[in-house]
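Single-structure report; data block below.
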Amino acid sequence: MPEIDISVLWRYWDDFSAGFLNTLKISLMALIGSFLIGAVIAVFRIAPIKPLNWFGAAYVEFIRNIPLLVTIFFFYYGLSSVGLNLDGFVSGTLGLTIYTSAFVAESIRAGIQSVPKGQLEAARSSGLSYIQTMVHVVMPQAVRIVLPAMGNQSINLVKNSSILAVVAGLDLMYFADSVNSATFQTLSVYTVVAILYLVITLPLNFLVHYLEKRLNQREIRNTTHKPRSRKLSRGLDRPLN
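Residues in the sequence shown are numbered from 2 upward in steps of one, following the working numbering.
Below you can see the structure in the form of structure tokens.
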């Protein structure tokens, strides 16, 4: 029965550390990019402008129903056919960002629609534009509501980054495949890889739970000690449509 030899981590420390750091970079860039794009698409989906609604819906349905690998191949192989050559790191990060943004958009949209409609009406009646209302009133509340879902999306993004190995994305899985080819210690190599992924995802999971707890405590304090204004309390039982 093959034994697990963790010493492979120290013998190939340079490879594993390079892949680990690149996975962190890819995940961070894709997370920020997918959140920004997803927030914009979510606003489009509920905006009172039909063309924006159609664009947002088409974006989500199109991207969400295409495999991640196909999206990455589009940037890596598809763009190269028209003269735009992107390396595996860049094309993989772009593909991961675009793919995840569709799921982020749906999570944020659900959060926006759960914010009481009275909040939107009160903000608009006070003179704020639609964009200002979304940025300063609705989105902060929606983010708090969808924080658990966003945490799950973040963890899925980290795990999905392993697919960049197929386009030489220089991620953790790419270097693990290289070490495995050199040592043939498959069980040991991928056990080390699993541990390194846990080093990323477990703290992220704890962070999400911590933030969720803190935000809930802050909301309870605000509700207890700060009376709501008449404008903002009007129609709180009506969710956004």
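Beta carbons: idealized from backbone N, C-alpha and C, even for Gly. From a predicted model like this one, the values you see are computed outputs, not experimental measurements.
According to the Cβ coordinates, are residue i and residue j closer than 9 Å?
i    : j    : result
R46  : A123 : no
T72  : I99  : yes
P149 : E213 : yes
L97  : A195 : no
F17  : L208 : no
Would you call residue i buried or exposed, if buried means 16 or more other Cβ atoms sit within 10 Å of its Cβ?
i    : result
R231 : Here the model assigns R231 a pLDDT of 47, short of 50, so the residue's position is not dependable, and the following value carries that caveat. Label assigned to R231: exposed.
V83  : exposed
F63  : exposed
Q154 : buried
I164 : buried
L85  : exposed
By DSSP's criteria, residue i is part of a beta bridge. Which residues make up the other side?
i   : result
P49 : P49 pairs with nothing; no bridge assigned.
Nearest to residue i by CA position, among the options, is which residue?
i    : options             : result
F176 : F21, A48, L216, I27 : F21
L25  : D172, F76, V180     : D172
Y211 : V180, R145, A43     : R145
D6   : L216, Y198, F185    : F185
V136 : F104, P149, V44     : V44
G93  : F56, A59, A166, V41 : A166
F74  : F56, A59, Y60, F90  : F90
V168 : P52, S102, A19, L87 : L87
I113 : V138, T101, S127    : V138
I109 : A40, D16, W14, G79  : A40
Contact between the segment 184 to 202 and the segment 158 to 166 (3+ Cβ pairs under 8 Å): The answer is yes - the segment 158 to 166 touches the segment 184 to 202, with three or more Cβ pairs under 8 Å.
Check whether the segment 178 to 197 and the segment 8 to 15 are in contact - that is, three or more C-beta pairs closer than 8 Å. The answer is yes - the segment 8 to 15 touches the segment 178 to 197, with three or more Cβ pairs under 8 Å.
So, do the segment 67 to 77 and the segment 108 to 120 have three or more beta carbon pairs nearer to each other than 8 Å? Short answer: they don't touch.
Any 3 or more C-beta pairs closer than 8 Å across the segment 36 to 45 and the segment 214 to 222: Cβ pair count under 8 Å is below three, so no.
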